[in-house]
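Protein chains in written order, with this note's numbering: chain R, 1 to 154; chain E, 155 to 358; chain P, 359 to 631; chain C, 632 to 734. Beta carbons: idealized from backbone N, C-alpha and C, even for Gly. Small disclaimer: the values here were computed from a predicted structure and weren't measured.
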Amino acid sequence: MSLARRTFLLRLGHTGLAALTLASGLLPRFARAEEARPAFMATAVADALKALGVGNPAKSDAISFKAPDIAENGAAVPVEVESTLPKTRSILLLVEKNPHVMSASFQFREGTDPYVATRVKVAESSVIHAVVTTDDGAFYTTRLVKVTLGGCGG
Amino acid sequence: MTVSSVGVLLAATLLAASLQTVAEEDAPYPAAAMQRSFEAKKQAGMDRLTQDEVQALCTRYTTATLPPAEAERVQKQSLSSVKPPADGQYLGDFKRGEKIAQTGTGLQSSDDPTKPNGGNCYACHQLAASELAYGTLGPSLQHYGKLRGQTPAALEAAWRKLYNSQADVPCSNMPRFGHQKILDEQQLKDLMALLFDPNSPVNQ
Amino acid sequence: MNTRFAARLLYTMLASGTLLLAGAVRADTSTQDAIAEYREMFGDDNPAELWQARGEALWHEARGPQKANLEACDLGLGPGVIAGAYAQLPRWFADTGQVQDLETRLVTCVTSLQGIPRDDFLKVKFGDGEKKSELEALTAYVVAASRGKPLTLPLKHPAEQAAFDLGKAVFRYRAGPHDFACATCHGEPGKRIRLQELPQLNTALGAREAYTHWPAYRISQGELRSMEWRLQDCFRQQRLPQLKFGSEVAIGLTMYLAKTAEGGVLAAPGIKR
Amino acid sequence: MSDPMRIRAVANGDKVEVKILMSHVMETGQRKDADGAVVPAHYIVKVVGTCNGREVLSADWGPSVSKNPYLSFRFKGGAKGDKVKITWTDTAGEQRSDEVSVG
């Protein structure tokens with residue numbers, strides 16, 4: 001498949017999954033992978049959560065979410081999430097202003113701390129959601145990260 | 155030791171010190187090595203290594219060390235290059251001005267030459283209070299128009315500074331945006347509006 | 359006007375000026391604190407390690423037409439000595455009759471020991487995603503072996519002194535449509551471009567701050583960048599033509615920066631925006 | 632061919648702290664190269680961590696995890712000498728595993 005077509009299909013991903021599914025016979029391997037992971041194609045936080053089967057999460061203070069107020073560069077924004085909620089199953093990271101909001105999900109096994117640290121891309125200043133799923137439902141907290149332009153600008 | 159001999163000694167020391175400064179300014183001149191060490195890439199041609207008179211002088215001297223006679227000459231010559239707007243209107247659109255001030259690309263070998271050049275003002279100046287990522291190589295320009303008002307003198311001075319900074323401060327670090335054709339007349343007007351328009355974010 | 363009044367006036371002016379200044383500094387400080395917090399969150403987990411590991415493997419691997427590794431490479435302290443070698447570069451090498459920086463010296467070793475043609479080795483001077491640079495990996499490996507070592511550049515050979523003098527002169531050379539020189543941004547203390555502090559590279563303090571952390575992993579590019587890359591990219595942003603790899607000016611500026619930073623303790627590869 | 636990960640696994644009290652750096656481009660498929668051509672998407676979609684064969688963490692990633700990804704997590708029930716193994720799978724179908732002993 002030509003690069004142009006591949007790009008075209010990627011763009012389609014922004015507008016809707018239906019179009020993408022129609023073209024699935026032509027999709028490269030990675031896009032087929034994303035078809036099976038609709039949350040990663042979602043362009044809104046609510047849609048991503050819905051695709052994951054996570055019902056309306058409740059705001060919670062029992063999630064510690066560390067992220068810098070200002071990112072010197074959006075290419076890597078360090079984030080650290082720790083949940084003190086009982087029976088935590090997973091932690092999800094979603095960046096509201098990214099073309100695709102869903103960044104990562106981490107599933108914890110018995111004995112693994114409900115804690116994760118990683119670095120994510122943040123395209124522009126954005127609210128980042130840390131969603132925690134537990135046996136007793138889903139909870140969330142947010143942090144606003146301002147992404148600044150840097151250096152000589154070119 | 156007599157008073158006069160102290161004076162002579164002092165004068166000699168001062169002279170030696172000043173000679174030393176000049177000697178340091180006259181370090182080996184690198185033009186030939188520059189030619190050998192670079193290669194043209196896209197729009198960044200080898201002609202860009204050749205200095206004009208101001209660049210050559212300001213390589214040798216800084217604003218502080220430039221001899222007064224040279225400073226006057228640079229200033230006069232630069233002033234004569236400043237072209238006021240053809241229609242006499244100094245102010246364009248501040249929203250476009252803000253975009254120009256935020257844009258850092260233009261004239262680099264890596265830039266698309268069909269796109270308009272940026273002014274990259276925020277790299278060196280504080281302007282709109284909402285932009286946290288501003289540089290400090292130049293003075294803050296926050297409330298520029300609010301502090302000065304739109305008097306003919308203030309408008310002319312800002313235009314002159316943007317068009318050819320050397321007309322104001324010889325060996326200034328600021329690019330000569332008009333003189334070197336980095337920005338066109340309309341872009342300069344848009345930047346003027348960013349500085350002076352009462353509704354511009356700079357004046358909030 | 360009596361002196362006491364004048365003194366009081368001066369005092370008031372100073373006080374109000376100080377207050378204004380303090381306000382400005384405070385606004386700035388919160389931004390700078392946030393940036394500092396951002397940098398701290400990277401901790402010691404620097405992806406530059408991935409380059410070091412790749413470089414180490416390359417160093418010991420028999421490669422090229424001569425199926426040799428680089429363990430006999432002389433970086434100035436004798437064949438095979440890596441520890442501390444970067445702290446004494448650039449330097450004059452008798453076998454090539456040239457002042458060489460780390461990268462050009464690595465080219466010498468790769469071509470002479472392994473028989474790999476220069477152009478083949480330099481096909482990817484600077485990595486870009488899937489196109490990985492062997493030179494940058496080797497650079498990272500060698501540089502890391504000088505962590506904690508002070509920069510020492512005695513400039514005993516006249517060619518070393520000449521390189522330094524050229525670099526010093528080039529630092530102030532203004533040219534191009536924007537009239538930029540290195541000194542435009544790096545010639546004054548305490549300045550910033552956007553939010554990035556600009557080291558004053560013609561002073562020991564500023565040069566140490568910068569030079570001891572390069573080469574560095576650049577977050578913006580997700581690549582480890584060498585000093586040759588750093589200089590080439592500075593000139594790109596100065597709107598000048600492209601600096602040639604290993605050119606007189608590249609070596610001269612590196613020598614000027616290294617010598618100015620002399621005594622500084624190496625902490626490279628660092629991590630930068 | 633992919634490069635080895637850098638994995639640190641350190642026992643700290645009753646927990647093992649794991650820190651990983653992975654060598655991966657994490658191309659989003661939205662970036663253009665110097666010639667203006669779109670760089671095709673290529674990123675890690677799945678990461679699994681095990682300790683002596685027992686799964687301790689699994690993660691699903693999109694393209695907005697940073698280039699040369701960093702990941703840190705902690706688990707109970709590990710001790711010095713245990714084998715921590717990390718495996719990633721990317722959009723090209725490539726899989727890579729690296730293993731370290733808990734120190």
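Short Cβ contact (8 angstroms threshold) for Leu635/P with Ala187/E: The displayed coordinates of chain P run from 359 to 631. Any statement about residue 635/P would go beyond what the structure contains.
Close beta carbons around Gly647/P, own chain, < 8 angstroms, minus the five adjacent residues each side: With chain P represented from 359 up to 631, any question about residue 647/P goes unanswered, as that position is not in the structure.
If we count Cβ pairs, one from each stretch, closer than 8 angstroms, do we get three or more for the segment 543 to 561 of chain P versus the segment 574 to 582 of chain P? No contact exists between the segment 543 to 561 of chain P and the segment 574 to 582 of chain P.
Would Pro423/P be called buried (16 or more neighbouring beta carbons within 10 Å of its own) or exposed? Of the residues assessed, Pro423/P falls on the exposed side of the cut-off, its CB having fewer than 16 other CB atoms within 10 angstroms.
Chain E within 8 angstroms of Gly137/R, Cβ atoms only: Chain E places no beta carbon closer than 8 angstroms to that of Gly137/R, leaving this residue out of the contacts.
Drop a sphere of 10 angstroms on the beta-carbon of Val116/R, count the other beta-carbons inside from all chains shown, and report buried for 16 or more, exposed for fewer. buried
Helix, strand or coil for Thr134/R per DSSP? strand
Is it the case that the Cβ atoms of Gln472/P and Thr466/P are separated by a distance below 8 angstroms? no
6 angstroms CB neighbourhood of Leu511/P in its chain, flanking five on each side removed: Ala616, Lys617, Glu620
Determine, using beta carbons only, whether Glu407/P comes closer than 8 angstroms to chain C. Cβ-Cβ to chain C under 8 angstroms: yes for Glu407/P.
Return the CA-CA distance between Ala51/R and Thr659/C, expressed in angstroms with no decimal places. 21 angstroms
Looking at Val676/C and Asp721/C, is the spacing between their C-beta atoms short of 8 angstroms? The answer is yes: Cβ separation under 8 angstroms.
Using a Cβ-Cβ distance cut-off of 8 angstroms, determine whether Val670/C contacts chain P. yes
Within a Cβ cutoff of 7 angstroms, which residues of the same chain sit near Asn318/E, ignoring the five residues on either side of it in sequence? Same-chain partners within the cutoff: Ser232, Ser235, Val236, Arg330, Gly332, His333.
Ser60/R to Leu301/E span [Cα, whole Å]: 47 angstroms
Backbone secondary structure at Asn390/E - three-state DSSP: The structure shown does not extend to residue 390/E, since chain E spans only 155 to 358, so no value can be given for it.
Does the segment 348 to 358 of chain E come into contact with the segment 280 to 293 of chain E, if we say contact requires no fewer than three beta-carbon pairs (one atom in each stretch) closer than 8 angstroms? yes
How big is the Cα-Cα spacing for Ala411/P and Tyr499/P? 7 angstroms
Classify Leu589/P: buried if its beta carbon has 16 or more other beta carbons within 10 angstroms, exposed otherwise. buried
Return the CA-CA distance between Ala723/C and Glu96/R, expressed in angstroms with no decimal places. 27 angstroms
Is the segment 596 to 609 of chain P touching the segment 698 to 715 of chain C in the sense that three or more CB pairs, one from each, lie closer than 8 angstroms? Between the segment 698 to 715 of chain C and the segment 596 to 609 of chain P there are fewer than three C-beta pairs closer than 8 angstroms, too few to call the two in contact.
Contact check, Asn404/P vs Tyr575/P under 8 angstroms by CB: the rounded distance? 6 angstroms
What residues from chain E crowd round Tyr531/P, counting only those whose CB sits closer than 7 angstroms? Pro184, Met188, Thr213
Indicate whether Lys707/C and Lys646/C have their beta-carbon atoms separated by less than 8 angstroms. yes
Given 7 angstroms as the limit, tell me if Ala574/P has its C-beta closer than that to any heavy atom belonging to the ligand HEM. As for the ligand HEM, it is missing from this structure, which has no ligand bound.
Starting from the C-beta of Leu553/P, find all residues in its chain whose C-beta is less than 8 angstroms away, skip the five residues before and the five after it, and write them out in chain order. Contacts found: Thr389, Gln390, Ile393.
What does Arg631/P reach in chain C if we use C-beta pairs closer than 7 angstroms? Within chain C, no residue comes near Arg631/P; the closest Cβ sits about 13 angstroms away, beyond 7 angstroms.
Applying a beta-carbon distance threshold of less than 7 angstroms, which residues of chain R neighbour Asp713/C? Near Asp713/C there are no residues of chain R at all, since even the closest Cβ is about 13 angstroms away, more than 7 angstroms.
Is it the case that the Cβ atoms of Gly74/R and Val147/R are separated by a distance below 8 angstroms? yes
Quick one: does Ser578/P have its CB under 8 angstroms from some CB of chain R? yes
Nearest residue (CA-CA) to Asp135/R, options Gly55/R, Phe65/R, Ala123/R, Pro38/R: Gly55/R
Count the other CB atoms within 10 Å of the CB of Asn643/C; is the residue buried (16 or more) or exposed (fewer)? exposed
With distance defined between alpha-carbon atoms, name the residue in Leu49/R, Arg37/R, Arg119/R nearest to Asp691/C. Arg37/R
Interface residues of the segment 75 to 92 of chain R facing chain P [CB-CB below 9 angstroms]: Ala75, Ala76, Val77, Pro78, Val79, Glu80
With H, G and I counted as helix, E and B as strand and the rest as coil, what does DSSP make of Gly25/R? Its pLDDT being 37, under 50, Gly25/R is placed unreliably by the model, and nothing is read from it.
First through last residue of the alpha helix (DSSP H) which encompasses Gln590/P: Element bounds for Gln590/P: 585 to 595.
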